[in-house]
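**Q** Those protein sequences? They're chains F and D, same order as listed. So the first sequence is numbered by the working numbering: it starts at 1 and just counts up by one. So the second sequence is numbered by the working numbering: it starts at 1 and just counts up by one. Just so it is clear, CB atoms sit at the ideal spot from N, CA and C, and this is done for glycine as well. All of these numbers come straight from a predicted model, not from anything done at the bench.
There are 2 protein chains.
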Amino acid sequence: MNDLTISLDVKSQTPLYEQIYKYIKSEIQNGGLPFKERLPSTRKLAKYLQVSRTTVDLAYEQLVSEGYIEAVPYKGYFVCELEGLYRLETAQPDREECAGEEAARCDYDFSPNGVDLNSFPQNAWRKLSKEALLEENGRIFQLGDPQGEWEVRQTIAAYLHQARAVEAEPGQIVIGAGNDFLLLLLCSMFGAGQRIAMESPTYKKAYDVFRNLSNEVRIVEADESGMRVDLLEQTDADIAYVMPSHQFPLGTVMPVKRRMQLLAWAAGREGRYIIEDDYDSEFRYKGKPIPALQGFDRAERVIYIGTFSRSVAPAIRISYLVLPKALLPVYRARGRVISSTVSRVDQRIIAGFLNEGYYERHLNKMRAIYKSRHDVLLEELKRFRGICEVNGEHAGVHLLLTFLDGRSEAAAIREAAEHGVLVYGLSRYYVGEASGRESQTVLLGYANMTEDQIRAAMQRLREAWLMREDDVYQTGREDEDEKGRAESEIKDGEKAGARVKVKMEKTSG
Amino acid sequence: MNDLTISLDVKSQTPLYEQIYKYIKSEIQNGGLPFKERLPSTRKLAKYLQVSRTTVDLAYEQLVSEGYIEAVPYKGYFVCELEGLYRLETAQPDREECAGEEAARCDYDFSPNGVDLNSFPQNAWRKLSKEALLEENGRIFQLGDPQGEWEVRQTIAAYLHQARAVEAEPGQIVIGAGNDFLLLLLCSMFGAGQRIAMESPTYKKAYDVFRNLSNEVRIVEADESGMRVDLLEQTDADIAYVMPSHQFPLGTVMPVKRRMQLLAWAAGREGRYIIEDDYDSEFRYKGKPIPALQGFDRAERVIYIGTFSRSVAPAIRISYLVLPKALLPVYRARGRVISSTVSRVDQRIIAGFLNEGYYERHLNKMRAIYKSRHDVLLEELKRFRGICEVNGEHAGVHLLLTFLDGRSEAAAIREAAEHGVLVYGLSRYYVGEASGRESQTVLLGYANMTEDQIRAAMQRLREAWLMREDDVYQTGREDEDEKGRAESEIKDGEKAGARVKVKMEKTSG
Numbered sequence: 001m002n003d004l005t006i007s008l009d010v011k012s013q014t015p016l017y018e019q020i021y022k023y024i025k026s027e028i029q030n031g032g033l034p035f036k037e038r039l040p041s042t043r044k045l046a047k048y049l050q051v052s053r054t055t056v057d058l059a060y061e062q063l064v065s066e067g068y069i070e071a072v073p074y075k076g077y078f079v080c081e082l083e084g085l086y087r088l089e090t091a092q093p094d095r096e097e098c099a100g101e102e103a104a105r106c107d108y109d110f111s112p113n114g115v116d117l118n119s120f121p122q123n124a125w126r127k128l129s130k131e132a133l134l135e136e137n138g139r140i141f142q143l144g145d146p147q148g149e150w151e152v153r154q155t156i157a158a159y160l161h162q163a164r165a166v167e168a169e170p171g172q173i174v175i176g177a178g179n180d181f182l183l184l185l186l187c188s189m190f191g192a193g194q195r196i197a198m199e200s201p202t203y204k205k206a207y208d209v210f211r212n213l214s215n216e217v218r219i220v221e222a223d224e225s226g227m228r229v230d231l232l233e234q235t236d237a238d239i240a241y242v243m244p245s246h247q248f249p250l251g252t253v254m255p256v257k258r259r260m261q262l263l264a265w266a267a268g269r270e271g272r273y274i275i276e277d278d279y280d281s282e283f284r285y286k287g288k289p290i291p292a293l294q295g296f297d298r299a300e301r302v303i304y305i306g307t308f309s310r311s312v313a314p315a316i317r318i319s320y321l322v323l324p325k326a327l328l329p330v331y332r333a334r335g336r337v338i339s340s341t342v343s344r345v346d347q348r349i350i351a352g353f354l355n356e357g358y359y360e361r362h363l364n365k366m367r368a369i370y371k372s373r374h375d376v377l378l379e380e381l382k383r384f385r386g387i388c389e390v391n392g393e394h395a396g397v398h399l400l401l402t403f404l405d406g407r408s409e410a411a412a413i414r415e416a417a418e419h420g421v422l423v424y425g426l427s428r429y430y431v432g433e434a435s436g437r438e439s440q441t442v443l444l445g446y447a448n449m450t451e452d453q454i455r456a457a458m459q460r461l462r463e464a465w466l467m468r469e470d471d472v473y474q475t476g477r478e479d480e481d482e483k484g485r486a487e488s489e490i491k492d493g494e495k496a497g498a499r500v501k502v503k504m505e506k507t508s509g
Numbered sequence: 001m002n003d004l005t006i007s008l009d010v011k012s013q014t015p016l017y018e019q020i021y022k023y024i025k026s027e028i029q030n031g032g033l034p035f036k037e038r039l040p041s042t043r044k045l046a047k048y049l050q051v052s053r054t055t056v057d058l059a060y061e062q063l064v065s066e067g068y069i070e071a072v073p074y075k076g077y078f079v080c081e082l083e084g085l086y087r088l089e090t091a092q093p094d095r096e097e098c099a100g101e102e103a104a105r106c107d108y109d110f111s112p113n114g115v116d117l118n119s120f121p122q123n124a125w126r127k128l129s130k131e132a133l134l135e136e137n138g139r140i141f142q143l144g145d146p147q148g149e150w151e152v153r154q155t156i157a158a159y160l161h162q163a164r165a166v167e168a169e170p171g172q173i174v175i176g177a178g179n180d181f182l183l184l185l186l187c188s189m190f191g192a193g194q195r196i197a198m199e200s201p202t203y204k205k206a207y208d209v210f211r212n213l214s215n216e217v218r219i220v221e222a223d224e225s226g227m228r229v230d231l232l233e234q235t236d237a238d239i240a241y242v243m244p245s246h247q248f249p250l251g252t253v254m255p256v257k258r259r260m261q262l263l264a265w266a267a268g269r270e271g272r273y274i275i276e277d278d279y280d281s282e283f284r285y286k287g288k289p290i291p292a293l294q295g296f297d298r299a300e301r302v303i304y305i306g307t308f309s310r311s312v313a314p315a316i317r318i319s320y321l322v323l324p325k326a327l328l329p330v331y332r333a334r335g336r337v338i339s340s341t342v343s344r345v346d347q348r349i350i351a352g353f354l355n356e357g358y359y360e361r362h363l364n365k366m367r368a369i370y371k372s373r374h375d376v377l378l379e380e381l382k383r384f385r386g387i388c389e390v391n392g393e394h395a396g397v398h399l400l401l402t403f404l405d406g407r408s409e410a411a412a413i414r415e416a417a418e419h420g421v422l423v424y425g426l427s428r429y430y431v432g433e434a435s436g437r438e439s440q441t442v443l444l445g446y447a448n449m450t451e452d453q454i455r456a457a458m459q460r461l462r463e464a465w466l467m468r469e470d471d472v473y474q475t476g477r478e479d480e481d482e483k484g485r486a487e488s489e490i491k492d493g494e495k496a497g498a499r500v501k502v503k504m505e506k507t508s509g
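1. Examine chain D for any beta-carbon lying closer than 7 Å to the beta-carbon of Leu160(F), and answer yes or no.
2. Please check if any C-beta of chain D sits within less than 7 Å of the C-beta of Ile338(F).
3. Can you pull the chain F residues whose beta carbon is under 8 Å from the beta carbon of Gly193(D), in chain order?
4. Going along the chain, which unbroken runs of the beta strand (DSSP E) with 3 or more residues stay wholly within the segment 306–391 of chain F?
5. Hey, Arg195(F) and Ala237(F): beta-carbon distance below 7 Å or not?
6. Assuming Asp208(F) is part of the alpha helix (DSSP H), what are its boundary residues?
7. Expressed to the nearest angstrom, what Euclidean distance is found between the alpha-carbon atoms of Arg301(F) and Glu276(F)?
8. Tell me the DSSP bridge mates of Asp277(F)?
9. Would you tell me roughly how many angstroms separate the C-alpha atoms of Ser245(F) and Lys286(F), rounded to the nearest one?
10. Measuring only the C-alpha atoms, how far is Val322(F) from Pro121(D)?
11. What's the C-alpha gap between Phe181(D) and Ala457(D)?
12. Would you mind sorting Asn30(D) into buried or exposed? The rule is 16 or more other CB atoms within 10 Å of its CB.
13. Using a Cβ-Cβ cut-off of 8 Å (strictly less than) and excluding sequence neighbours within five positions of Val431(D), which residues of its own chain qualify?
14. Taking the alpha helix (DSSP H) that Val256(D) falls in, what are its first and last residues?
15. Taking just the CA atoms, how far does Val397(D) sit from Pro112(D)?
16. Quick one: does Ala528(F) have its CB under 7 Å from some CB of chain D?
17. Run down chain F in chain order and give the residues with a C-beta less than 9 Å from the C-beta of Pro130(D).
18. When burial is assigned at 16 or more other CB atoms within 10 Å of the CB, is Ala264(F) buried or exposed?
19. Have a look at Gln162(F), Tyr159(F), Asn215(F) and flag the residue whose alpha-carbon is nearest the alpha-carbon of Leu183(F).
20. Along the segment 332–358 of chain D, what residues have a CB closer than 8 Å to any CB found in chain F?
21. How about Ala447(F) and Asp116(F): do their beta carbons lie closer than 7 Å?
22. For Ala91(F) and chain D, any beta-carbon pair shorter than 7 Å?
23. If you check the beta carbons only, do Leu443(F) and Leu377(F) fall under 7 Å apart?
24. At the level of alpha carbons, what is the spacing between Leu250(F) and Gln440(F)?
25. Is there a C-beta anywhere in chain D that falls below 7 Å from the one on Leu186(F)?
26. Would you say Asp180(D) lies against chain F (beta-carbon separation less than 7 Å)?
27. Using a 10 Å radius around the Cβ and a threshold of 16 neighbouring Cβ atoms, would you call Ile387(D) buried or exposed?
28. Strictly by DSSP, which residues pair up with Arg284(F)?
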C-alpha cells in the first residue's frame with residue numbers, strides 16, 4: 001500500500017494531465033513507485049482527483065509511450081523496470097540551459113544559466129513579430145541568405161561597433177541559431193582534426209562540440225589574467241578558444257596586456273585563430289567595459305561569437321559569428337552550404353528590436369536589475385567572511401564562492417539542497433584531465449532571483465553552511481511563509497493548488 | 001560617357017535605395033560600369049531620380065561597404081576592381097534555396113527549389129504566432145529541450161504515423177532548424193571519418209556537409225529503382241543516404257523490393273545505418289503514396305529526416321530527425337550538447353498548425369495546385385515529343401527533360417536563357433567523380449509558376465529549342481504582352497515603374 005499525493009494546481013499554465021504525468025514519473029524515478037506496482041485505474045484516479053478521465057488517460061498514455069508504465073489488458077497499469085529506460089530528461093544543465101526542471105524540486109535556484117524572464121519585453125516582441133508577419137505579402141517566407149539577411153547583419157555590425165568596438169562589415173557576419181550551432185559550423189569550416197586550446201574549467205559545451213567532431217583539445221592553464229599565452233606557445237594548438245570579457249565559469253576578465261600577447265600568438269604563425277566567445281559582455285557593474293579582443297585584431301585572426309540568447313531570452317535562438325575577412329573564402333566554400341538556421345521572421349524581429357531602441361532600453365534595465373541583485377548577494381555574502389572567498393564578481397550574472405574551511409563542493413551542494421537551495425559546483429565545468437577533480441567552489445547565479453529571494457535563499461545557506469553544528473534549524477511553517485513571500489510576485493496561482501491523497505494498491509509481485 | 005538606366009519602381013516592396021544599389025551592383029558585375037568609372041555625385045543622382053539624397057547615400061554606402069565602389073575625398077565615388085572582391089551573393093542555388101535573385105534577371109524561372117508562397121496561409125500563421133506570444137507570461141522564452149518541446153514532438157510523431165507510416169515515439173524525435181543542420185548534427189553524433197554511400201546525382205548539400213566533416217563518400221550507382229544494393233554491398237560504407245520517396249533530382253521512387261534489400265543490407269552488419277531523407281513526400285499525383293522506409297524497419301537502422309520547409313515555406317526553419325531507439329544513447333552522449341536551434345515560439349506555431357488542421361488543409365490545397373501545374377506542364381511537353389524524354393513526373397514539384405537530339409544541357413540552358421527562361425542542368429547535382437560531367441538533361445520545377453506562366457514559358461522554350469534553325473523569332477511587344485498577362489496576378493506594381501536615364505561620366509583612367 002502506498003500513498004500517492006498529487007498536488008494539482010488548477011490555475012497553473014501546466015495542463016492537469018502533465019502535472020499528473022510529471023508527478024507519477026518523478027515518483028517512479030525516485031523509487032516512490034517501485035517496479036511492478038499497480039497504478040490506480042484511470043476511472044478511480046479521475047474520481048479521486050476530480051478531473052476528467054481523459055485527463056488521466058492522457059497522463060497514462062504519455063507514461064506508457066515513455067516506457068515508465070505498461071498497460072496489461074484486463075489487469076491495469078504497472079510500473080516498468082527502470083533499468084534500460086531512456087531517461088531523456090536527465091541531461092546535465094549547462095551554461096545556456098535553464099534549470100526549469102531542477103528548480104521545481106528546490107525552493108531557490110542559483111542557476112548560473114538563469115535569465116530574468118519577468119523582464120522580457122513581451123509587448124515589444126509581439127508588436128515586432130506582428131509587423132514582420134504583416135510585411136511583404138509572404139516574401140519573408142522565402143528562404144533567405146545562409147549568412148542571414150543583409151539588413152539584419154548591418155544592424156548587428158552597427159551595434160557591435162558601438163557597444164563592443166568590434167570592427168565588422170555585414171559581409172563578415174553569419175547569423176545562426178545559437179552558439180552551439182555556430183561552433184559546429186566553425187568545425188565544419190575548419191574540418192576535423194584541429195588542435196584547439198581551451199582553459200579548464202570552461203564552457204563545457206564548446207569542449208564537447210569540438211571533441212565530438214574529432215578535434216584534439218589542448219588544455220592550457222589559466223591564471224588571474226586568463227589563458228597563459230606562454231604555455232599556449234608550448235602547445236601545437238592552432239586555435240585558441242577564450243572568453244576574454246568574462247571567462248565562464250571563473251569570471252576572469254582578461255587585461256589588455258594578456259589580450260595583446262594572445263593576438264601576437266595568433267599573428268605569429270599562418271593559420272592560427274582565436275575564437276572569442278563574448279557571451280555575456282553586456283553586463284558589467286564596475287569600471288568601463290573592455291572592448292572586444294576582435295577590435296584590436298589587425299592580423300585578421302579573431303573569430304568573434306556573440307548571442308542574443310543571454311541578453312534577451314534563452315529561447316531567442318539568435319547568435320552570430322564575425323569572421324575575419326581572411327576566412328570568408330573558407331566560409332563560402334564550406335560554410336554557406338548550411339542554409340540559414342534562423343527564420344527571416346525572427347531576424348526581422350531582432351533587427352527591429354535593435355533599430356527601434358528596444359534592445360538598448362532592455363539592456364539598461366537589465367543591467368540595473370542585475371546590478372541590484374549582484375549588490376544584495378555581495379552584501380549577504382559578507383556574513384560568510386572568513387569561511388568563503390568570493391570571486392568573479394563585478395560582471396556577468398553569477399559569482400564564485402570558494403570554501404576556505406576545507407568543505408568540499410559536493411558537501412556544500414548537498415547541504416544547500418537539504419535546505420531547499422540549488423547551488424552549482426565548479427567541477428562540472430572541468431574538462432580534459434581535470435574532469436572529475438574535486439573542488440571547494442560553488443557558483444551562485446542570481447539572474448533569475450529577485451532581491452527578496454536572494455535574501456531568503458542566503459538565510460537558508462547560512463543555516464546550511466554556518467549552523468550545521470548546532471542543530472537548531474527545523475524545516476517548518478516559518479520557512480514556508482518566507483518562501484511564500486519571496487515567490488508571491490511570480491507564482492500567484494500556487495496557493496490555489498488542491499492537495500489530494502490517492503491510495504496506491506500493491507499487487508502481488 | 002555611359003548611360004545608366006535605372007528603372008525605379010516606387011510601388012515595389014523593395015526600398016528605393018536597394019533598387020539603386022542592386023542596379024549599380026549588377027552593372028559593375030556585368031561590366032557595364034568598368035573599373036575606375038566615376039559615379040554621379042549623390043546630389044546629382046538624387047535629382048535625376050527624383051529621390052531624396054539620403055536614399056542615394058544609403059545605396060552608395062552599401063556599395064562602399066561591399067567593396068564595389070570607393071569614396072575618394074573631394075573627387076567622388078569610383079568603381080573598384082572586381083578581382084579579389086568577395087562576391088557573397090553568387091552562391092549556387094540548391095534544392096532548398098530559392099532562386100529569388102536569379103529570377104529577377106529572367107522572366108520565367110523553372111527553379112526546382114521553388115515553393116508557391118502566394119498560397120502560404122499567412123493569416124493562420126499570424127494567428128498562431130500571436131497566440132504563442134501571448135501564452136504563459138514569458139515561460140515560452142526559456143530555453144527548451146535540445147530535442148524540441150515534448151508536445152511538439154508528440155504532434156509530429158502522430159502526423160508521421162498517420163501520413164507516412166513512420167513509427168516514432170516523441171522521445172526519438174529531434175527538432176532542428178533545417179535539414180542541413182540536422183545532417184551536421186548526425187555527423188557530430190557519428191564522429192568524423194564515416195564511410196557514407198550516396199547516389200550521383202544527389203542532394204549536393206548533403207554531400208558537401210558529409211565531406212566537410214571528413215567523412216568519405218562512396219558513390220553507388222542507381223538504376224530505375226534507386227541505389228543498387230548489390231553494388232552497395234561491395235563498398236565498405238556503413239551509412240547509406242537515400243531519398244526513397246522521390247530521389248532528388250532524378251525523381252526515382254524506390255519500389256518496395258529495393259527497400260527491403262536496402263533494409264536487409266543495413267541489418268546485415270552491426271553499426272550500419274540508412275539515412276532516409278523524405279524531403280518532399282507530401283506531393284504525389286498518381287498512385288498511392290508509398291509508406292516511408294522507416295515504417296518497415298525492424299532492425300532499428302533507419303534515421304528518418306523530414307521537413308516543413310518544403311511543404312509550408314522555405315523560411316520556416318523546422319525539420320526533424322526520427323532516430324532509431326538504438327541511437328538514442330549516442331544522441332544523449334553527443335547530440336544533446338547542441339541546444340535547440342528552433343525557438344519555442346516557432347515550435348508552438350508549427351504544432352498549432354498541425355493540431356488545428358491547417359497543415360492538412362494546406363497540403364491538400366497545395367497538392368491540388370501543384371497537380372494542376374504538373375498536368376499543364378506535361379500537356380505542354382507533348383509538343384516536344386521525339387526531341388525530349390520526360391522523367392521523374394507524378395511526384396514532387398519538378399520533372400526532368402532529357403534531350404534525344406544530342407543537344408547538351410549547357411546549350412539548352414543557354415538557349416532558354418536567351419529567351420528569358422531559367423532552366424537548371426542536371427549536372428549541378430553530380431557528385432564525386434561524375435562531378436563536372438556533361439549531361440543532356442534539364443530540370444523543370446513548377447512549384448512557383450502559375451498555369452499561365454507555365455504555358456507562356458513553354459511557348460518561349462518552344463521558340464528556344466524547336467525553332468532555332470528558322471530565325472523567325474523576334475523579341476518584341478507581342479511577347480512582352482504575353483508576359484504581362486501571366487505576371488499581372490503577382491506583379492501589379494511593375495507598371496508604375498519610372499524609367500530615368502542618367503549620364504555617367506568617364507574619368508581619365
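**A** Taking the definition as stated:
1. By this cut-off, Leu160(F) is not an interface position.
2. Yes, Ile338(F) counts as interfacial toward chain D.
3. Per Cβ cutoff of 8 Å: Ala192, Ser214.
4. Counting only runs of 3 or more residues that sit fully inside the segment 306–391 of chain F, the beta strand (DSSP E) segments are 319–322, 388–391, in chain order.
5. Result yes, Cβ atoms of Arg195(F) and Ala237(F) sit closer than 7 Å.
6. Its alpha helix (DSSP H) spans residues 204–212.
7. Roughly 10 Å between the two C-alpha positions.
8. Residue pairing of Asp277(F) in beta bridges, as defined by DSSP: Ile305(F).
9. When rounded, the separation of the alpha-carbon atoms in Ser245(F) and Lys286(F) is 13 Å.
10. Taking the straight line joining both Cα atoms gives about 35 Å.
11. About 35 Å.
12. Taking all protein chains in view, the Cβ of Asn30(D) is surrounded by fewer than 16 other Cβ atoms within 10 Å, so the residue is classified as exposed.
13. The answer, listed in chain order, is Met198, Ser200, Pro201, Thr202, Lys204, Tyr207, Val217, Ile219.
14. 256–267 is the span of the alpha helix (DSSP H), which, as asked, contains Val256(D).
15. Rounded to the nearest angstrom, the gap between the Cα atoms of Pro112(D) and Val397(D) is 7 Å.
16. This structure gives no information on residue 528(F), because the portion of chain F shown stretches from 1 to 509.
17. A small correction: the amino acid at residue 130(D) is Lys; Pro does not occupy that position in the sequence shown. Near Lys130(D) (Cβ distances below 9 Å), the residues of chain F are Arg126, Ser129, Lys130, Leu133.
18. In summary, Ala264(F) is exposed, with fewer than 16 beta-carbon neighbours lying within 10 Å of its beta-carbon over all protein chains present.
19. Relative to the Cα of Leu183(F), the nearest Cα in the group Gln162(F), Tyr159(F), Asn215(F) belongs to Asn215(F).
20. For the segment 332–358 of chain D, which is checked against every Cβ of chain F, the residues closer than 8 Å are Arg332, Arg334, Arg336, Val337, Ile338, Ser339, Ser340, Thr341, Val342, Ser343, Arg344, Val345, Asp346.
21. Yes, these two residues count as a Cβ contact at 7 Å.
22. In this prediction, Ala91(F) scores a pLDDT of 33, lower than 50, which makes its location untrustworthy; the coordinate-derived value is nonetheless stated afterwards. Yes, its Cβ sits closer than 7 Å to a Cβ of chain D.
23. Taking 7 Å as the Cβ cut-off, Leu443(F) and Leu377(F) do not qualify as a contacting pair.
24. So the two alpha carbons sit approximately 13 Å from each other.
25. False, the Cβ-Cβ gap to chain D never drops below 7 Å.
26. Output row for Asp180(D): interface = yes.
27. Per the 10 Å Cβ criterion, exposed.
28. Among the bridge pairs identified by DSSP, Arg284(F) is matched with Ala395(F).
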